[in-house]
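Quick mapping for you: the protein sequence lines, in order, are chains Y and G.
With my numbering as the guide, the letters of the first sequence map in order to residues 227 to 343.
With my numbering as the guide, the letters of the second sequence map in order to residues 227 to 343.
Report on the following structure.
Number of protein chains: 2
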Amino acid sequence: MNLEMQQFKADFFKALAHPLRIRILEVLAEGDQSVNEIQTLIGSEGSAVSQQLQVLRAKNIVSGTKDGNKVIYTLKDPMIIELLAVAKQIFNNHLVDTLTILDKFKEDEDVPVSPKN
Amino acid sequence: MNLEMQQFKADFFKALAHPLRIRILEVLAEGDQSVNEIQTLIGSEGSAVSQQLQVLRAKNIVSGTKDGNKVIYTLKDPMIIELLAVAKQIFNNHLVDTLTILDKFKEDEDVPVSPKN
DNA sequence: TGATTATTTGAATATATAATAATAGATTAG
DNA sequence: CTAATCTATTATTATATATTCAAATAATCA
Numbered sequence: 227m228n229l230e231m232q233q234f235k236a237d238f239f240k241a242l243a244h245p246l247r248i249r250i251l252e253v254l255a256e257g258d259q260s261v262n263e264i265q266t267l268i269g270s271e272g273s274a275v276s277q278q279l280q281v282l283r284a285k286n287i288v289s290g291t292k293d294g295n296k297v298i299y300t301l302k303d304p305m306i307i308e309l310l311a312v313a314k315q316i317f318n319n320h321l322v323d324t325l326t327i328l329d330k331f332k333e334d335e336d337v338p339v340s341p342k343n
Numbered sequence: 227m228n229l230e231m232q233q234f235k236a237d238f239f240k241a242l243a244h245p246l247r248i249r250i251l252e253v254l255a256e257g258d259q260s261v262n263e264i265q266t267l268i269g270s271e272g273s274a275v276s277q278q279l280q281v282l283r284a285k286n287i288v289s290g291t292k293d294g295n296k297v298i299y300t301l302k303d304p305m306i307i308e309l310l311a312v313a314k315q316i317f318n319n320h321l322v323d324t325l326t327i328l329d330k331f332k333e334d335e336d337v338p339v340s341p342k343n
């Protein structure tokens, strides 16, 4: 396993390492969408989405094809969906432990009434 | 899916987004190792490995337990191995296309004699 | 104590992010 | 046709974060 390959892998994960980009991939996992639709679903500004799409495009994770006025984006590999699913499982296992964030999340959504005993 | 959860996911992938850290995880996927052994296997300096281990520890991806002089590191979740495996499949599928790096890799290792037809 | 193992710190450099503004192509109304 | 509009991308720049390397620290062992 050479060094360039390691760098390549790192760059791939780096492409996923952004809240908006993950959100975009989750949206595209449900089906192809135009930039405008992605914006609406995510609730984010146009140029921000476009910037992150560019990062994903550069890493060959998504591709966009022009359709008249719009550009429709699609995942280049359905395995991305599986990757996100595996990641989600990891979140649900051990990693959750330390998270003050998730503790709050729990209080907000699961146990809205009871005090912390 | 709230914003903090997205940020959490992004941070997780960010922890993987480094050549040395990926290398470390690949080593630990084969079995628990001391820092010194990891260094040797990877061919990297001590403090560098320790720094990256700290990042992985902070994200709860690995944990280290002291054993006398040494510290033995272990993956906190075997699903990490599966994640890396899925990622590898993705590399082997579509993503490889654009890579000049991988083209070189191919020429060096797979097709040493034949010219590009 | 001296050697080994590991972590931590600090500082210089590099890279990524976010927000705004500028640009470009396609469509539609006048 | 051409001007205005909608869609999307790109460029710019200030700020924040990450990386790297070297040196200092800490704990254990022989």
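Ideal placement from N, C-alpha and C gives every residue a C-beta, glycine not left out.
Cβ pair residue i, residue j closer than 7 angstroms
i      : j      : result
Y:Q315 : G:M305 : yes
G:L173 : G:L254 : Since the first residue of chain G shown is 227 and the last is 343, residue 173 of chain G is not available in this structure.
Y:Q280 : Y:G272 : no
Y:I248 : G:A236 : yes
Y:K292 : G:A243 : no
Y:D303 : G:N286 : no
Y:E256 : G:V312 : no
Boundaries of the alpha helix (DSSP H) in which residue i is found, first to last residue
i      : result
G:E230 : 229-242
G:V252 : According to the sequence shown, residue 252 of chain G is Glu rather than Val. From DSSP, the alpha helix (DSSP H) with G:E252 extends over 245-255.
Presumed contact (8 angstroms Cβ cut-off) between residue i and residue j, rounded CB distance
i      : j      : result
Y:I298 : Y:S270 : Wrong, their Cβ atoms sit about 18 angstroms apart, outside the cutoff.
G:V288 : G:L282 : 4 angstroms
G:I250 : G:Q278 : 6 angstroms
**OP:** Pull out every residue of the stretch 229-258 of chain Y whose Cβ sits closer than 9 angstroms to any Cβ of chain G, in chain order.
**Re:** L229, E230, M231, Q232, Q233, F234, K235, A236, D237, F238, F239, K240, A241, L242, A243, H244, P245, L246, R247, I248, R249, E252
**OP:** Jot down the residue ranges of each uninterrupted beta strand (DSSP E) in the stretch 261-309 of chain Y, minimum 3 residues, whole runs only, in chain order.
**Re:** List check, beta strand (DSSP E) in window: 288-293, 296-301.
**OP:** Check distances from the C-beta atoms of the stretch 276-289 of chain G to those of chain Y and list, in chain order, the residues that come in under 8 angstroms.
**Re:** K285, N286, I287
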